[in-house]
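Shown next, in structure tokens, is the structure this report addresses.
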Amino acid sequence: MSLRAAALVFSLSALAAGCSRDGGDAEREPVSDEPGVETEAHWSPVPADEVRDPFTYSNYHEARVTHVELDLDVDFETKTLSGSAQLDFEKLSDDVSTLVLDANDLDIELIEAETDDGWVTVSYEIGADDAVMGSRLAIELPDGAESVRVNYSTSPDAEGIQWLSPEQTASGEHPFLFTQFQPLLARTMVPLQDTPAVRITYDARITTPPALLAVMSARQDESGERDGDYSFRMSQPIPSYLLALAVGDIQFEAISADVGVYAEDYIVSESAAEFEDTPQMVDTVEALYGPYRWGRYDLIVLPPSFPFGGMENPRLSFMTPTLIAGDKSLTNVVAHELAHSWSGNLVTNSTWRDAWLNEGFTSYVENRIMEGLYGPERAVMERSLDKQSLMRDVNEAARPELTALKMPEDISHPDEAFSQVSYAGGMFFLKFMEERFGREAFDAFLRDYFDRFAFQSITTEDFLAYFEDHLWADQPDAVTKAEIDAWVYEPGFPDTIENPQSDAFNRVESQLNAWLGGGDVAGLETGAWTTHEWLHFISVLPAEISSEQMAALDARFNLSTSQNAEIASAWYLKAIPAGYEPAFEPLDAFLMRVGRGKFIYRLYQSLADNGRREWAEAVYERARPGYHPIAQRRIDEIFGE
Ligand code: BES
Ligand code: ZN
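Count along the sequence shown starting at 1, add 1473, and that's the number in my numbering.
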């Protein structure tokens, strides 16, 4: 058997054993230019049992949870989920007598373990509550136990669950709840090993008030009626951060036989229209990178307090309503969340230091979808806007180590790994590779990569070793080790980064320059500008633009009241430092209406930085109760509370 075949057999057996990644580095072929001469490989994966995720208390190297069974009742009166979570696990060595889980704000009533004599009560210990990590939950295991069951309820303040009163929903009639668990908040709903290194399958029974519908990141039992009693199964192993639940007066509209959209009634048809190209997006990725492996692909448009643009919960991406612009101009977010079905959900970062494996690959695939569906001009505009945000984030980074793709060991919170460095930085790295190796070879490589590591959690070094053994081995002269290391491990971005050139953006700049050089706003030919051109126009407005110039633009183009949330927020970010007063009333309304972090964190920060702190705090006081707990925490930090 060749070494490569041996490695494959090893990895298949590791997969069968529920191992999270291959760890078969010992089997790697030596790299050599000359036949018969063995030299060391450049990048060697750290063996899986030595990679440690610092953001979990769990002893996942000793015992590994493989399956979770939830039975939870949703109580909107007390804002709690209560019931049980049964966890099946495998001991990785015989002498393990404790199962350590993560828990955050859970009220635990009883823990049992299954033994030969049936279920018995066991003792457990809950550690101190840490603001980021929650608590260590150590469960004593009787001999032979392979399952534990925790009876518990969640806290009304659980950071991963937002409870909305009827008044906070569009209909005003029914309450709503949704979860958001990435990166560390699954432990606020379920006691589990909350690390992306561990993959679980899950079953869930969720009971709700009878008028409401529950949906999860899983297959719904289709025989069930809309009666408040719902069953789900996720039979592919996923990391804990992809568990997800939403409950509300939710309607559904099909887009195709296996794609559809859930939303509150007021927006479900608009959402289906906005996202009507989603089935073609699925076709586009499948043609590039292989089959979609999750069955259906649905979207749910959540209430406006959802703190992200989108979240890639498997089978069911969670989306912000700010994407419903009426002209499909913001659907790259759908392409992004869909792309995670390959990069992130199928092949998952093993620790948050490797977040670029999720977000950078996904941003690359997203851009390829946009190019495939709408053409290279739109894709290059999006890359150009991404490059601007990347350079901004690189400049604003708290320390240089945070500007390399592989995050440093000592990040204080996984959120530090989610700047544009991981997103656009990772995308531009893969663009660089595509350019050097040729699109055809690079696409084939990525397709094999998704296949090879499907349903596994891996590190940056696993990727690099695989790259070295395959793509690089086929074309050894295409890149140097120094080039790859500079991209992945060294702060900042090398000169080999693409400089996206958009003719449309160049024309926007000429228009702007003509106007700034003394032209009249009436002379600006903006008639056919897309959202992207507007975003570019606003972003290149000079920092010293006067209030009068802002007023002239606003009078002609109504930017302060734009219904496109991207355009409106970009405009407010210019209006605040320019002291352009007429924008403040619409900005107030925007901050009251929209809870998406990408917009509101920067806006509050800019207000605080530009002498508008008091005004901003007054708006925040009114807006805060409607914001998600994640957003509340972030904005509290801005105002130093
Ligand atoms: N997985 C992320 C959202 C996320 C990241 C949640 C980190 C919690 C912690 C999601 O796929 C994402 O990246 N969303 C982006 C949209 C995208 C087009 C850049 C967002 O929310 O803006
Ligand atoms: Zn993402």
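Beta carbons are placed, not taken as given, at the ideal position from N, Cα and C, and that holds for glycine.
For the pair V1758 and S1729, the Cα-to-Cα distance works out to about 17 Å.
Rounded to the nearest angstrom, the gap between the Cα atoms of A1601 and A1611 is 12 Å. Around the C-beta of G1617, fewer than 16 other C-beta atoms lie within 10 Å, and the residue is accordingly described as exposed. For H1809, the CB falls within less than 6 Å of some heavy atom of the ligand BES. Annotation for N1979: the continuous alpha helix (DSSP H) segment containing it runs D1976 to L1989.
Note on geometry: alpha-carbon atoms of H2005 and S1596 lie some 58 Å from one another. Taking a contact as a CB-CB distance under 8 Å, the pair L1772 and V1720 does not count as one, their CB atoms being some 17 Å apart. Residue state for W1767 is assigned as coil, using DSSP reduced to three classes. Going by DSSP, Y1703 is part of the beta strand (DSSP E) stretching over D1702 to P1712.
Using a Cβ distance threshold of 7 Å, S1823 and I1931 count as a contacting pair. Taking a cut-off of 8 Å for Cβ pairs, the region 1883-1902 and the region 2040-2048 do not touch, as fewer than three such pairs fall below it. A direct Cα-to-Cα measurement between V1593 and A1586 gives close to 5 Å. A direct Cα-Cα distance of roughly 18 Å separates L1716 from H1809.
Looking at the backbone, the Cα of L1863 and that of F1901 are separated by about 10 Å. Between A2104 and P1780, the alpha-carbon positions lie close to 6 Å from each other. Within the model, the alpha-carbon separation for L1811 versus M1792 is close to 11 Å. Note: Q1635 is bridge-paired with F1651 in the DSSP secondary-structure output. For T1969, the shortest C-beta to heavy atom distance toward the ligand ZN is 6 Å or greater. In this structure, D1546 lies near G1556, with their beta-carbon atoms less than 7 Å apart. With a threshold of 6 Å, the Cβ atom of T1835 counts as near the ligand ZN, since some heavy atom of the ligand is closer than that.
Check the Cα spacing between L1583 and each of S1626, D2082, G1591 and R2085: the tightest is with S1626.
As the crow flies, the alpha-carbon of F1940 is around 18 Å from that of L1761. Scanning its chain for C-beta atoms nearer than 7 Å, with the 5 sequence neighbours on each side dropped, one finds around G2099 the residues Q1641, S1778 and G2068, in chain order. A direct Cα-to-Cα measurement between A1746 and Q1724 gives close to 15 Å.
Here L1658 is buried, its C-beta having at least 16 other C-beta atoms within 10 Å. The three-state secondary structure of A1687, taken from DSSP, is strand.
Our two residues, E1971 and Y1533, have alpha carbons roughly 40 Å apart in a direct line.
Per DSSP, reduced to three states, the secondary structure at Q2078 is helical. The criterion of a C-beta distance shorter than 7 Å is satisfied by H2009 and V1981. In the structure shown, H1540 falls within a strand segment according to DSSP collapsed to helix, strand and coil.
When C-alpha distances from D1976 are compared across R1851, P1881, P1967 and V1867, the shortest belongs to R1851.
Taking the Cβ of P1787 as the reference point, every heavy atom of the ligand BES lies at 6 Å or farther away. Leaving aside the five residues that flank G1783 on each side, the residues in its chain whose CB is nearer than 6 Å to its CB run, in chain order, S1790, M1792, V1806 and E1810. Look at G2070 here: in three-state DSSP terms it is helix.
Here the region 1658-1675 lies against the region 1516-1535, with 3 or more beta-carbon pairs under 8 Å apart.
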